[in-house]
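Heads up: the sequence lines are chains A and B, in that order.
Note that the working numbering has the first sequence beginning at 916, numbered continuously upward.
Note that the working numbering has the second sequence beginning at 916, numbered continuously upward.
Glycine included, C-beta positions come from ideal geometry on N, C-alpha and C.
Being a predicted model, the structure only gives us computed values, none of them experimental.
Here the structure is laid out as structure tokens; the discussion comes afterwards.
Number of protein chains: 2
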Amino acid sequence: MTKDLLKKNILKNVPFSKSALEEFCSYFYEKSIHKKAFVLVQGEVCKFEGFVLSGCFRIFSIDKKGNENTLYFATKDWWLMDIDSFMNQSPSVLNIQALEDSQVLLIDRKDKLALYETQPAVEKLFRVMSQKALIAWQRRLISSNSLTAKERYHKFLTTYPDISSKVSDRQIASYLGITHEFLSKLKKQKK
Amino acid sequence: MTKDLLKKNILKNVPFSKSALEEFCSYFYEKSIHKKAFVLVQGEVCKFEGFVLSGCFRIFSIDKKGNENTLYFATKDWWLMDIDSFMNQSPSVLNIQALEDSQVLLIDRKDKLALYETQPAVEKLFRVMSQKALIAWQRRLISSNSLTAKERYHKFLTTYPDISSKVSDRQIASYLGITHEFLSKLKKQKK
DNA sequence: GAAAAAAGTTGAACTTGTTCAACACTCTTA
DNA sequence: TAAGAGTGTTGAACAAGTTCAACTTTTTTC
């Protein structure tokens, strides 16, 4: 069954009765995304939440100076959305792009909002997931302010070995908040 | 009533029945914190969540090099905790210190966890608050990577005018991720 | 109200990271 | 299979931000 990965992921966060889990998952539909295709484009309003079955995505924004800023990467077993645009129904400042041919499970915003009301476990699930995500962002901001680019690079490599092997150095640099030229120089130093 | 501010803050996020709100709030107890006193010290496990009634707090960590990194400031109407330590019951990497004589309302972790189970509205409240906080952290990380120190400084001044008037330049610098000497030079440039 | 401590300022030398331009390399894709 | 686009590397000049030390001003404390 194609939704096994999703179910496992959910149960890692909160307990669900078999029937509640089945019902919740029934609202997700599968979608294939080709390499380089966009799931969400800056300016659009985000009307879905996604869960990655396979492949890899990059979530990034482009600032006024034209520089790309990668917020995060999402591979298998990660969740995917622009939560700012999703919650406030405002134009997204983020792009979500597939870095390779990928499969996702999507749930529509209106379905998710309805499930909050009818299924207490769904409310709990996203409370727990949001709090865990919050912790991750806080840790990242601390790293970003207290570590040098070189330290951040090595931390990224060891924290996400699967991701670092999939994405290009340019993209890693934009995640770290440095230029790709400088990353290239850092890698040389290492040896 | 001393809990009016808390009630208003809650109702800004989600609807509560009068009785549910009354019950939830009954678990909060008031505490006075003297200037410079710590509500939480790095290494301790966080067993409470707090809501600021008056005064001002700084939430910061000290890294291996001995540098302070300010994660955020909390004044009246803000929430207060180390969510990482609270959720995982791991030693906190954060310090929470009063910058002036302050009043907070605290709720114990065990009470909060129990309320998640008995009051669906509490679950929803923290789901919504966590998601809003998540949005704020994402925005901050984008700023931190795409703006210069000078731009970040002005953004901070305009986003939190009440806070910037209360805290010292050293503390603002540690929030911005720069040295206080450099901030002093930035301020000079402005004129 | 004096002494001590903390906060802010300035300058010079230094380190970290950027910019721009040139070149080599590897994929696509026609 | 040639062309083109994207990726990685390198160097030189430059800009952003740090470090350390000295000094002034403000705030705290006894």
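Asked	Found
Got a sec, what are the start and stop residues for the beta strand (DSSP E) A/Ser1080 sits in?	Premise fails: A/Ser1080 is in no beta strand (DSSP E) and is neither H nor E.
Residues in the region 957 to 991 of chain A with C-beta within 8 Å of chain B's C-beta atoms, listed in sequence order?	Ser976, Asp978, Lys980, Asn982, Asn984, Leu986
Count the other C-beta atoms from every protein chain shown that fall within 10 angstroms of the C-beta of B/Ala952, then say buried if there are 16 or more, exposed otherwise.	exposed
Give me the Cβ distance between A/Val1019 and A/Val960, rounded to the nearest whole Å; I'm assuming they're in contact under 8 Å.	The pair is not a contact, with the Cβ atoms about 18 Å apart (cut-off 8 Å).
Label A/Thr985 either buried or exposed according to how many other C-beta atoms from any shown protein chain fall within 10 Å of its C-beta, with 16 as the threshold for buried.	buried
Along the region 1020 to 1052 of chain A, where does the CB come closer than 8 Å to a CB of chain B? Name the residues.	Tyr1031, Pro1035, Glu1038, Lys1039, Phe1041, Arg1042, Ser1045, Gln1046, Lys1047, Ala1048, Leu1049, Ile1050, Trp1052
Between A/Asn1010 and A/Gln957, is the Cβ-Cβ spacing less than 7 Å?	yes
Spatial neighbours of A/Cys971 within its chain, please: CB distance less than 6 Å, with the 5 preceding and 5 following residues excluded, ordered by chain position.	Thr990, Leu1014, Glu1015, Lys1081
Roughly how many whole angstroms lie between the Cα atoms of B/Tyr944 and B/Ile1022?	7 Å
Per DSSP, which residues does B/Ser976 bridge with? Please list them.	B/Asn984
Could you pull the start and end residues of the alpha helix (DSSP H) that A/Ile1093 belongs to?	That residue, A/Ile1093, is in no alpha helix (DSSP H); it is neither H nor E in DSSP.
Mind checking if A/Ile948 is an interface residue toward chain B, Cβ cutoff 7 Å exclusive?	no
Determine, for A/Leu936, whether the minimum Cβ-Cβ distance to residues of chain B falls below 7 Å.	no
Just to confirm my understanding: we take A/Trp993, look at its own chain, exclude 5 residues before and 5 after, and list those with CB closer than 6 Å. What are they?	Val967
Using the Cα positions of A/Ser1061 and B/His1095, report the straight-line distance between them to the nearest angstrom.	15 Å
My output table needs one value for A/Leu1062: the three-state DSSP class, helix, strand or coil.	coil
Of all the CB atoms in chain B, is at least one closer than 7 Å to the CB of A/Ser1061?	yes
Residues in the region 1059 to 1089 of chain A with C-beta within 7 Å of chain B's C-beta atoms, listed in sequence order?	Ser1059, Asn1060, Ser1061
For my contact list, B/Ser1017 and B/Ser1007 are in at a C-beta cut-off of 8 Å; report their separation, rounded to the angstrom.	Their Cβ separation, rounded to whole angstroms, is 19 Å, which puts B/Ser1017 and B/Ser1007 out of contact at 8 Å.
With 7 Å as the threshold, decide whether the Cβ of A/Leu1056 is near any Cβ in chain B.	yes
Can you tell me whether B/Gln1104 is buried or exposed? The criterion is at least 16 other CB atoms within 10 Å of its CB, across all chains shown.	exposed
For A/Met1002, go through chain B and note every residue whose CB falls closer than 8 Å to its CB, in chain order.	Gln1046, Lys1047, Ile1050
Could you tell me which uninterrupted alpha helix (DSSP H) segments, each at least 4 residues in length, are contained entirely in the region 999 to 1041 of chain A, listed from first to last along the chain?	1024 to 1033
Following the continuous beta strand (DSSP E) through A/Lys918, name the residue where it begins and the one where it ends.	From DSSP, A/Lys918 is part of no beta strand (DSSP E); its letter is neither H nor E.
Is there a C-beta anywhere in chain B that falls below 7 Å from the one on A/Asp919?	no
List the whole-angstrom C-beta distance separating B/Ile1050 from A/Met1044, where the pair is believed to meet the contact cut-off of C-beta under 8 Å.	The Cβ separation is near 14 Å, so there is no contact.
Would DSSP call B/Phe943 helix, strand or coil?	coil
Tell me, to the nearest whole angstrom, how far the beta carbon of B/Lys1070 is from that of B/Leu1101; I am working on the premise that it is less than 8 Å.	Incorrect: roughly 13 Å between the Cβ atoms, too far for contact.
Do the region 1027 to 1042 of chain A and the region 928 to 942 of chain A touch if we need at least three Cβ pairs shorter than 8 Å?	yes
Using a C-beta to C-beta distance shorter than 7 Å, which residues of chain B count as neighbours of A/Asp1016?	Under the 7 Å cutoff, chain B gives no residues; its nearest Cβ is about 27 Å from A/Asp1016.
For A/Ser1089 versus A/Glu983, is the C-beta distance shorter than 7 Å?	yes
Using a Cβ cut-off of 7 Å (strictly closer), state whether B/Ile998 contacts chain A.	yes
List the endpoints of the continuous beta strand (DSSP E) containing A/Phe963.	963 to 969
Along the beta strand (DSSP E) that carries B/Phe953, what are the first and last residues, could you check?	953 to 955
For A/Ser1059, tell me which candidate among A/Met996, A/Ser1079, A/Leu1091 has the shortest Cα-Cα distance.	A/Leu1091
Taking 8 Å as the limit between beta carbons, can you name the residues of its chain near B/Lys1106, skipping five residues before and five after?	At B/Lys1106 the pLDDT is 43, less than 50, meaning the model places this residue with poor confidence; the figure from the coordinates comes in the next sentence. Excluding sequence neighbours, B/Lys1106 sits near nothing in its chain.
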